[in-house]
Each structure stands twice: as structure tokens, then as C-alpha cells.
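Working notes, structure below.
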Amino acid sequence: MKKSIFAPGVVKLFGEHAVVYGKPAIAAAIDKGVYIDCVSSDRLVVETVGITTGLRFSPLDRRVEAFGAEKFFAYVETALRLAQERWGDLAAKFTIRSDLPPSAGAATSAAVSVGILKAYALCAGADVGDEEAAKLGHKVELEVQGIASPMDTAAVTYGGVLKILTNPFRAEPLKIQLPPFYIVLLPRLGTTGEIVKDVRALLGKRKSATWVIEAIGKVVEEAEGCLRAGDLECVGELMDINNWLLGALGVVDGRVVDLLGMLKPFIYGGKISGAGRGGIVILIPKEGDVVSRILKGLGYPYYKVSVYPKGAGEV
Ligand code: PMV
């Protein structure tokens, strides 16, 4: 009998980068993510459907690198190994599909890691609690990436909108409603690791940059109040402020500034989500139909998404 898990993708509503330096952040699970089916088989087989790989040129360091599926498979492989160690051998066929392309900044790596762990446990007839799934999922990310905060794996595991606190790490559910919003996918110039490293170098060099991190922390605190009050105008304005502050750290490029400028009359505000230099841009729409039409015309992939209230689980 087929069993299926859905693991949501994640966007960072506020506070990325500053969260690396102990500031809070706000992340949200979305209703686009990764699906993993499992049926019994005579051996362990994994198949992906529609997940493509590619090559990209990074103009920053003039290097061509593989992206997409190759990295994605490293998460799949590591999650399967940890699952096997935890729940024993399993003869099953896993089929993985994703609504979103890998390496775009929508936490598909966290989703596939937690999703595989949950699917494996489900098909092995074992029980895995959220705490263990989040912990193992984070372990997968650490093994593959070397460095990763537990923010994405927690958001995939618990769902909804979460306030992320560090030292010690905590993910507090914010019980809020947010109307559907848009995410646009811009080609990413650099990996999360590279971009985080560049920000670290800037902070080491320029004292003023550390005040930018402080300011982002303050934005997150104010944004929590706006989100709780359902005040979209305030949410949008604070996203704009957060985005300019991220720009001061060197992670927002002209494509994002142009996009947000062009859409300004039709949105409350917007920002990058994640490490930046392209990747996901969140837009909080005032006039959704117009936003949709403009995005279609621009030719960037985009999605209308809603907050997914649940964490990764059986569907
Ligand atoms: O680009 P993403 O989705 O991998 O997000 C990175 C978020 C950072 O705050 C920049 C780094 C982190 O580990 O929190």
C-alpha cells in the first residue's frame, strides 16, 4: 500500500543573516514543498520525478558549478542512511516530487531531509516524534552543508509561522493568519555558504555593518507585533526596511530592487527570503491579479503560496 508524506517548503519572513549572530527571525512553512511516496519493494529504491539538475555560471567567482538535483541527492542519500541506522533496513521504493526547484532558497533541502526521515519511519512502521525528526533533519543538513542553522528543518517539521530564537535554539509558534502571498524565483548568484561567509567577512571589517545586524533584530521584534495584529501595511513596510538592511550587507542585487520598485504600487512590500543574491523574493500583494499579470510578463517563475499550518506529515 502506498504511503505519502508532504514536507512544506519554508520562507524567511524576517531576520535571515542576523539570526546567524543571535538575533531572532520569523520563518513560515508554505503550501508548496516536497512529496515523498513509499511502496514496498524487493529492495531500497529511490526515484525522483521532475527534479532537474543544471549548470550555472557564478559571475562573482567566475566558476561553473552544478546545482539542483546533485546537491538534492546528497540530502536524500544522507537522510536515508540516518533513517536506516535508526529504524533498520527497509525494502521499499521512494518516489520524490517537488513543487519547487532545489537550490532556490525555499528550503527544499530541509523538506526532503525531514520528509525522507518521516516517510522511512512511516513505511518501516516506526514512530518518529517531531523533536527527533527536526534533530535528525538538522543533522542531515549539517553533514551535507557543513554549516546550517536549525531554522529551516524546524519550520518544515512544525509548520505554521515560527519565531526562531537562538542560544539556545527555540522555535515558538506564532498563531497568526497571513493571507496568500507571492514568491518569485530569481537565479541565485552564489550558494548560502558563500553568501554567509561574505557577510561574516564584511562584519569583521566594518563596525557599521554590525549596526545593520542590530537594526534587523529590531525590525523582527516590530514585525512580530504587526503580524500578530494582521496589519499588512506594517508587515510590508517592515519587509521593505528589512530588505534595504540586507542590501547594506551586500546580499540584495539590482534585480530584486528593480522588481520591488516596479511592483511597488501593487504590493504592501517585499524582500528576499534566505541568503539572497537572487533566490526567493517574497511579495505581499495589495492587488494580487495585477501582481500575477506583471510577474507572468517578466517570465520569472513565481508561485502564489499560503502558510501551511502543519509540519511534515502523512497526506
Ligand atoms: O538561503 P537559505 O534558504 O539557505 O537561508 C539562509 C538563511 C541564513 O540566515 C542566511 C543562514 C542561516 O543558516 O540561518
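Numbered continuously in full-length UniProt numbering, the sequence shown closes out at residue 315.
Glycine residues also receive a C-beta, built at the ideal position from the N, C-alpha and C atoms.
Using a Cβ-Cβ cutoff of less than 8 angstroms, which residues in the same chain neighbour residue i once the five nearest sequence positions on both sides are dropped?
i	result
alanine 91	Ser40, Ser41, Asp42, Arg43 and Leu44
glycine 50	Arg97 and Ser98
leucine 238	Phe14, Val219, Glu222, Ala223, Cys226 and Gly269
Return the first residue and the last residue of the beta strand (DSSP E) that residue i is part of.
i	result
arginine 97	92–98
valine 184	181–186
valine 305	302–305
Give the secondary structure of residue i by DSSP, where H, G and I count as helix, E and B as strand, and everything else as coil.
i	result
tyrosine 21	helix
threonine 48	strand
proline 265	helix
serine 4	strand
aspartate 42	coil
isoleucine 216	helix
lysine 175	coil
aspartate 231	coil
serine 113	helix
lysine 271	strand
aspartate 89	coil
valine 11	strand
aspartate 258	helix
isoleucine 241	helix
tyrosine 35	strand
glutamate 221	helix
glycine 247	helix
glycine 276	coil
alanine 124	coil
alanine 74	helix
glycine 313	strand
alanine 83	helix
alanine 66	Unreliable placement is indicated for alanine 66, whose pLDDT of 49 sits below 50; no coordinate value is reported for it.
alanine 209	helix
alanine 119	helix
Which same chain residues end up closer than 7 angstroms to residue i when comparing Cβ atoms and leaving out the 5 residues on each side of it in sequence?
i	result
valine 20	Ser149 and Val196
aspartate 308	The sequence given here places tyrosine at residue 308; aspartate does not occur at that position. Only Pro8, Ala29, Ile30, Asp31 and Gly159 meet the Cβ criterion.
residue 372	What is shown of the chain runs 1 to 315, which leaves residue 372 out entirely.
threonine 153	Ala110, Ser113, Val114, Ala134, Gly137, His138 and Glu141
aspartate 61	Low local confidence applies: a pLDDT of 48 at aspartate 61 is under 50, so the model's placement there is unreliable, with the coordinate-based value given in what follows. If we look at aspartate 61 and ignore the five residues flanking it on each side, it has no Cβ neighbours.
valine 212	Leu245, Ala248 and Leu249
glycine 105	Arg188, Ser273, Gly274, Ala275, Gly279 and Ile280
methionine 151	Val19, Ala25, Ala27 and Ile164
proline 265	none
glutamine 145	Gly193
Could you give the residue range of the alpha helix (DSSP H) that holds residue i?
i	result
arginine 200	192–205
arginine 293	288–298
lysine 163	Unbroken run through lysine 163 is the beta strand (DSSP E), 161–165; no alpha helix (DSSP H).
glycine 105	Careful: glycine 105 lies outside any alpha helix (DSSP H) and carries neither H nor E.
valine 281	It is not in any alpha helix (DSSP H) - valine 281 instead sits in the beta strand (DSSP E) that spans 279–285.
lysine 135	130–145
valine 252	From DSSP, valine 252 is part of no alpha helix (DSSP H); its letter is neither H nor E.
tyrosine 308	Element bounds for tyrosine 308: n/a, residue is neither H nor E.
alanine 154	151–158
Would you say the beta carbon of residue i comes nearer than 8 angstroms to a heavy atom of the ligand ZN?
i	result
valine 19	Here the bound small molecules are the ligand PMV; the ligand ZN is not part of this structure.
By Cβ distance, which residues of its chain are closer than 6 angstroms to residue i, with the 5 residues on each side in sequence left out?
i	result
isoleucine 96	Ile36 and Thr48
leucine 13	Ile26 and Ala28
leucine 178	Val307
tyrosine 303	Lys32 and Ile183
alanine 155	Val10, Ala27, Ala29 and Leu162
valine 199	His17 and Leu249
Open item on the list: Across the stretch 183–192 and the stretch 267–279, are there enough close Cβ pairs to call them in contact, namely three or more that are closer than 8 angstroms?
Closed with: yes
Task: Cβ contact (3+ pairs, closer than 8 angstroms) linking the stretch 124–131 and the stretch 163–171 - done: When C-beta atoms of the stretch 124–131 are compared with those of the stretch 163–171, fewer than three pairs fall below 8 angstroms, so the two segments do not count as touching.
- [ ] Check whether the stretch 135–148 touches the stretch 74–87, counting contact only when three or more Cβ pairs, one atom from each stretch, lie closer than 8 angstroms.
- [x] yes
Task: Contact the stretch 289–297 vs the stretch 187–206: 3+ CB pairs below 8 angstroms - done: no
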